[in-house]
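Trainee:
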Amino acid sequence: MHDDYFVTVDHKGLLDFLTEVYQRVGLSAGNAALVADSLVTPSLQGNPSHGVLLAYGYFRRLQAGNPDPKAVPEVISDSGATAVIDGKNAMGQMVSALAMRLAIDKARDYGVGIVGARATNHFGATGYWSSMALKSDMIGIAMTNTSPLMAPWGGTTPVLGSSPVSVAIPAGREAPVLLDMATTMVAGGKLRVAQMRGEKIPIGWAVGADNQLTDDPAAALKGHILPLGGVCGYKGYGLALVVDILSAVLMGAGFGTAIKLDSKDPRNLGHYFQAIDVSRLMPVDEFKARVDALLQELKSSELEPGVERVYYAGEMEAVFAEEQRRNGLRLDGPVYKDLEKIGAEVGVPVTFRRA
-12 MHDDYFVTVD HKGLLDFLTE VYQRVGLSAG NAALVADSLV TPSLQGNPSH GVLLAYGYFR
48 RLQAGNPDPK AVPEVISDSG ATAVIDGKNA MGQMVSALAM RLAIDKARDY GVGIVGARAT
108 NHFGATGYWS SMALKSDMIG IAMTNTSPLM APWGGTTPVL GSSPVSVAIP AGREAPVLLD
168 MATTMVAGGK LRVAQMRGEK IPIGWAVGAD NQLTDDPAAA LKGHILPLGG VCGYKGYGLA
228 LVVDILSAVL MGAGFGTAIK LDSKDPRNLG HYFQAIDVSR LMPVDEFKAR VDALLQELKS
288 SELEPGVERV YYAGEMEAVF AEEQRRNGLR LDGPVYKDLE KIGAEVGVPV TFRRA
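Have a look at this one:
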């Protein structure tokens, strides 16, 4: 990549731009702002595959009416600590915001809240939704199924997706713990980022259509991604299976090969959200102090040669986000050009590039 490959932008200006653009293709102001924030936040955290890279594809799908920009998700089952939402083919962000808020409300009443969704769509970064619980001093959990990217252990036909799972845990003085991971070796979006940047991928991430290991992301996208765990990939395969069952089978959504990546029909994805009220188990301040103590113990570990410091899940993202809010958000050049394209198409000027 050339030195001028990346473009630095003001993240607040980008938020305003995306909010306006998505209103031009049918979303309400509030829903457009939600989608925009769900894309900019992961990019700020250093997760380009689930950030603004998705903005162009979301725009085109909304233009085509799939997802339905006017759909209103509906709670179709509500019993005690649990509920199920029919997403009505709305954007995954609208469904997820409703579901996680409801899970948090239920956790206040019952100690734990579990809310699932069917007939929904891609919701961006899983960690964005689990993190919603942090403001209420709760533990948040989020999962979703995705289009088939992973073959079962010992098989060659993709059946399960990257099946991501995220857990957000509040801390005291330390940044919250935020685990956000695919159950494959890598999320599919990471292959697309590598392809866009002209980079090779590590051997062991994926195989091509010939079922042979490859370092070419384009070949990998025609094959399938390996389950998390390398030679012990049956563990990632097992985790993916559990995520697919909890988020899709249990919630009445599509599962396995019924999920298509580029279908013109509704995708019928499934989501799973859970909130746990820490205060039902111990005083929140005590819990946060105990989490801090564990995190500090991790960071005080003796370092391997060449390693500057130990991070825990979510810490590096917090540091990266703070730096990019202050110094500007770096976007891949092709992503910035896509933003210029859709802005010109709907008459929204691009004014957020930093000199």
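First residue of the sequence shown: -12, per the numbering used here; consecutive thereafter. Where is the CB? At the ideal position from N, CA and C, for every residue including glycine. Remember, it's a predicted structure, so these values are computed and weren't measured experimentally.
1. State the start and end residues of the unbroken alpha helix (DSSP H) segment that holds Asp325.
2. Between which two residues does the beta strand (DSSP E) holding Gly239 run?
3. In terms of residue numbering, what span does the alpha helix (DSSP H) encompassing Met87 cover?
4. Thinking Ala104 and Gly74 are a contact (beta carbons under 8 angstroms), I'd like their distance in whole angstroms, please.
5. Considering only residues of the same chain and omitting the five flanking positions on each side of Gly114, which have a CB-CB separation below 6 angstroms?
6. Grouping DSSP H, G and I as helix and E and B as strand, with all else coil, what is Glu295?
7. Considering only residues of the region 36 to 64, which uninterrupted alpha helix (DSSP H) runs meet the minimum length of 4 residues and lie entirely inside it, listed in chain order?
8. Classify Gln32: buried if its beta carbon has 16 or more other beta carbons within 10 angstroms, exposed otherwise.
9. Since Met183 is in the beta strand (DSSP E), which residue starts that stretch and which ends it?
10. Does the separation of the CB atoms of Pro29 and Ala112 fall below 8 angstroms?
11. How far does the beta strand (DSSP E) with Tyr259 in it extend, from its first residue to its last?
12. Can you tell me where the beta strand (DSSP E) with Asp73 in it begins and where it stops?
13. Output the distance between the C-alpha atoms of Val335 and Val71, rounded to the nearest integer angstrom.
14. Can you tell me whether Gln311 is buried or exposed? The criterion is at least 16 other CB atoms within 10 Å of its CB, across all chains shown.
15. Look up Val12 in the DSSP assignment and say whether it is helix, strand or coil.
16. Using beta-carbon positions only, say whether Leu215 and Gly223 come within less than 8 angstroms of one another.
17. On the DSSP letters alone, give me the boundaries of the beta strand (DSSP E) that Phe(-7) sits inside.
18. When you compare only the Cα positions, how much space is there between Leu5 and Ser123?
19. Starting from Leu166, follow the beta strand (DSSP E) in both directions and report where the run begins and ends.
20. Would you tell me roughly how many angstroms separate the C-alpha atoms of Asp325 and Val(-6), rounded to the nearest one?
21. Tell me, please, which residues DSSP counts as bridged to Leu316.
22. Excluding the 5 residues flanking Met125 on each side, which residues of the same chain have their C-beta closer than 8 angstroms to its C-beta?
23. So the beta strand (DSSP E) Ser153 belongs to, where does it begin and stop?
24. Going by DSSP in three states, Arg341 sits in which element: helix, strand or coil?
Mentor: In terms of the structure at hand:
1. Taken as a continuous stretch (DSSP letters only), the alpha helix (DSSP H) holding Asp325 covers Gly320 to Val333.
2. Run containing Gly239: none; DSSP gives neither H nor E here.
3. Gly79 to Tyr97
4. 5 angstroms
5. Excluding sequence neighbours, Gly114 sits near Ser153, Leu165 and Asp167.
6. Glu295: coil per DSSP, three-state reduction.
7. 42 to 50
8. buried
9. Met183 -> not in any beta strand (DSSP E); alpha helix (DSSP H) instead, spanning Gly175 to Arg184.
10. yes
11. Leu256 to Asp264
12. Thr69 to Asp73
13. Answer to the nearest angstrom: the Cα atoms are 37 angstroms apart.
14. buried
15. coil
16. yes
17. DSSP places Phe(-7) inside the beta strand (DSSP E), whose first and last residues are Phe(-7) to Val(-4).
18. Here the alpha carbon of Leu5 sits roughly 28 angstroms from the alpha carbon of Ser123.
19. Unbroken beta strand (DSSP E) run through Leu166: Val164 to Met168.
20. One C-alpha to the other measures close to 12 angstroms.
21. Val(-4)
22. Within the same chain, Met125 has close Cβ partners Ile91, Ala94, Pro157, Ala262, Ile263, Asp264 and Val265.
23. Val152 to Ile156
24. coil
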